[in-house]
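A.B. asks: Sequence lines, in order, name chains R and C. Using our numbering, read the first sequence as starting at 1 and increasing by one per residue. Using our numbering, read the second sequence as starting at 1 and increasing by one per residue.
There are 2 protein chains.
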Amino acid sequence: MAAAAPSWVDLTLQSLRGEGFRNGGARRAVVDLLGRQECCLTAQEMFDRLRDEGNPVGIASIYRVLELLSEKGFVQRIEVGSGVARYEPAHHAGEHHHHHLVCDRCGKVEAFADEELEAAIHNVEGRTGYRVAGHDVVLRGACGDCR
Amino acid sequence: MAAAAPSWVDLTLQSLRGEGFRNGGARRAVVDLLGRQECCLTAQEMFDRLRDEGNPVGIASIYRVLELLSEKGFVQRIEVGSGVARYEPAHHAGEHHHHHLVCDRCGKVEAFADEELEAAIHNVEGRTGYRVAGHDVVLRGACGDCR
DNA sequence: CCCTAAATGGTAGCGGCTCTCATCTGGCGA
DNA sequence: TCGCCAGATGAGAGCCGCTACCATTTAGGG
Ligand SMILES: [Mn+2]
Ligand SMILES: [Mn+2]
Ligand SMILES: [Zn+2]
Ligand SMILES: [Zn+2]
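1. Specify whether the segment 118-127 of chain C and the segment 70-83 of chain C touch according to this definition: at least 3 beta carbon pairs, one from each stretch, less than 8 Å apart.
2. Any heavy atom of ligand 3 closer than 7 Å to the CB of Arg105/R?
3. Could you tell me which chain R residues have their CB closer than 8 Å to the CB of Tyr63/C, listed as they occur along the chain?
4. Candidates Leu117/C, Cys146/C, Val30/C, Arg64/C: which alpha carbon is nearest His99/C's?
5. In the structure shown, what three-state DSSP assignment does Asp48/C receive?
6. How about Ala90/R and Gln76/R: are their beta carbons less than 8 Å apart?
7. Looking at chain C, which residues of the segment 105-138 of chain R have a Cβ within less than 7 Å of any of its Cβ atoms?
8. Helix, strand or coil for Asp114/C, going by three-state DSSP, please let me know.
9. Can you grab the Cα-Cα spacing for the pair Pro56/R / Leu34/R, in whole Å?
10. Please check if any C-beta of chain R sits within less than 8 Å of the C-beta of Leu101/C.
11. Between Glu88/R and Gln37/R, how many whole angstroms is the CB-CB distance? I'm expecting something under 8 Å.
12. Grab me the residues of Val9/C's own chain with a C-beta within less than 7 Å of its C-beta, minus the 5 sequence neighbours each way, in chain order.
13. Expressed to the nearest angstrom, what Euclidean distance is found between the alpha-carbon atoms of Glu67/R and Ala3/C?
14. For ligand 4, is there any heavy atom lying closer than 7 Å to the beta carbon of Glu143/C?
15. Could you confirm whether any beta carbon from chain C is found closer than 8 Å to the beta carbon of Gly141/R?
16. Heavy atom of ligand 5 less than 7 Å from the Cβ of Cys39/R, yes or no?
17. Within its chain, find whatever has a CB closer than 8 Å to the CB of Ser15/C; leave out the 5 residues flanking it on each side and keep chain order.
18. Looking at chain C, which residues of the segment 77-89 of chain R have a Cβ within less than 7 Å of any of its Cβ atoms?
19. Relative to the C-alpha of Ile62/R, which candidate in Gln44/R, Cys103/R, Arg131/R, Arg22/R has its C-alpha closest?
20. Check the Cβ of Gly94/C against every Cβ in chain R and list those closer than 9 Å, keeping chain order.
21. With 16 as the cutoff for other CB atoms within 10 Å, does Asp104/R come out buried or exposed?
22. Less than 8 Å between the C-beta atoms of Tyr130/R and Cys39/C, yes or no?
23. Apply the 10 Å Cβ neighbour rule to Ile59/C and answer buried if 16 or more other Cβ atoms are within range, or exposed otherwise.
24. Helix, strand or coil for His91/C? Go by DSSP, reduced to three states.
25. Round the Cβ separation of Val132/C and Leu139/R to the nearest angstrom and send it over; I've been treating them as touching at under 8 Å.
26. Within 10 Å of its beta-carbon, does Gly25/R have 16 or more other beta-carbons around it, so buried, or fewer, so exposed?
27. Could you tell me which residues DSSP pairs with His100/C in its beta bridges?
28. With a threshold of 7 Å, establish whether the CB of His97/C neighbours any heavy atom of ligand 2.
29. Comparing the CB of His135/R with every heavy atom of ligand 1, is any distance shorter than 7 Å?
30. Excluding sequence positions up to five away, which residues of its chain have a Cβ less than 8 Å from the Cβ of Ser7/R?
31. For Gly144/C and chain R, any beta-carbon pair shorter than 8 Å?
What follows is the structure, encoded as structure tokens:
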């Protein structure tokens with residue numbers, strides 16, 4: 001059988017190591033937390049969860065880690081219109097890649113995935129003149145509870 | 001021949017009038033400015049342009065107008081990742097409807113349109129359980145100048 | 001014209017995020 | 001194994017987009 005694919009957490013930390021970064025406690029904690037999420041978190045949510053888990057990390061370090069991970073393409077930064085950035089592990093393709101549905105009224109964020117949509121986006125990318133690094137799709141509306 | 005379709009500016013102001021709103025000078029100035037744009041502007045850009053045109057409008061009024069226009073669906077609020085909201089006339093379908101390409105490096109925002117993408121999004125909307133009111137697509141990457 | 005509720009604009013305040021700097025530490029070389 | 005030090009961390013000040021507040025102005029029906 002093939003060797004198990006490295007987890008996103010291991011891949012991320014090892015890649016950074018390979019580039020000469022040091023991976024102190026704050027970065028390891030944030031990467032580990034992100035690796036346990038299904039969908040996006042805000043920086044403040046990460047701060048609160050890490051504190052509650054007994055592994056507090058400074059908010060400045062959280063933002064710094066997220067900036068580095070964004071730059072290197074390991075996390076996707078998502079804006080859903082509330083003025084707060086959200087972050088999640090980036091899966092450029094494959095089973096985990098998804099987009100977001102946001103309730104205009106209660107702010108709930110849910111995930112969806114669609115292959116036809118991905119194909120259409122891929123077709124557009126080739127015609128833009130940009131070297132396209134990623135994409136976001138946000139559907140806005142009223143969730144089942146709010147409509 | 002058919003009567004000319006009312007402009008977005010006239011449609012917007014008349015619809016608000018019909019709902020009992022009063023359309024003072026600030027609101028007329030902001031709607032008029034938006035009606036002259038090809039793509040999205042920030043609130044601060046609107047403040048500066050209106051001042052430069054000799055028709056200054058308070059920044060608070062600009063945000064208030066944009067909030068009302070957003071609520072009523074006359075403008076689309078767009079977040080492209082820089083922490084600043086942008087706004088443009090909403091065209092839910094038809095020749096003016098488009099999405100955005102953002103350069104990660106220099107921040108430039110350009111528009112693109114694609115029918116196949118719109119069709120794919122429409123197909124997704126039906127399966128979500130949400131009453132979907134709108135959607136955003138942002139492609140991120142490096143523009144021709146920056147790559 | 002007048003009246004009144006809606007609209008406006010200056011400004012204080014809020015909150016997310018960034019910057020600065022003193023301190024700490026991962027991990028390499030001796 | 002141990003000391004070194006560049007990179008990492010965290011507390012707190014500061015920045016900036018946006019909102020709240022309230023005194024003043026004004027749209028527009030009567
Ligand atoms: Mn996608
Ligand atoms: Mn569209
Ligand atoms: Zn909801
Ligand atoms: Zn660029």
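Ideal Cβ placement from N, Cα and C applies to all residues, glycine included. What you are looking at is a predicted structure, and each value in this text was computed from that prediction instead of being measured.
C.D. replies: Answer, in terms of the structure:
1. no
2. yes
3. In chain order: nothing, as chain R lies at least about 12 Å away.
4. Leu117/C
5. helix
6. yes
7. Phe112, Asp114, Glu116, Leu117, Ala120, Ile121, Asn123, Val124, Glu125, Thr128, Gly129, Tyr130, Arg131, Val132, Ala133, Gly134, His135, Asp136, Val137, Val138
8. coil
9. 15 Å
10. yes
11. 6 Å
12. Val31, Asp32, Gly35
13. 53 Å
14. This sequence places Cys at residue 143/C; Glu is not what is there. Cys143/C: yes, Cβ under 7 Å from ligand 4.
15. yes
16. In terms of ligand content, the structure shown lacks ligand 5 and carries ligand 1, ligand 2, ligand 3 and ligand 4 instead.
17. Lys72, Phe74
18. Arg77, Glu79, Gly81
19. Gln44/R
20. Result: empty, since nearest Cβ-Cβ is about 18 Å, beyond 9 Å.
21. buried
22. no
23. exposed
24. coil
25. 5 Å
26. exposed
27. Ala111/C, Val138/C
28. yes
29. yes
30. Gly35
31. yes
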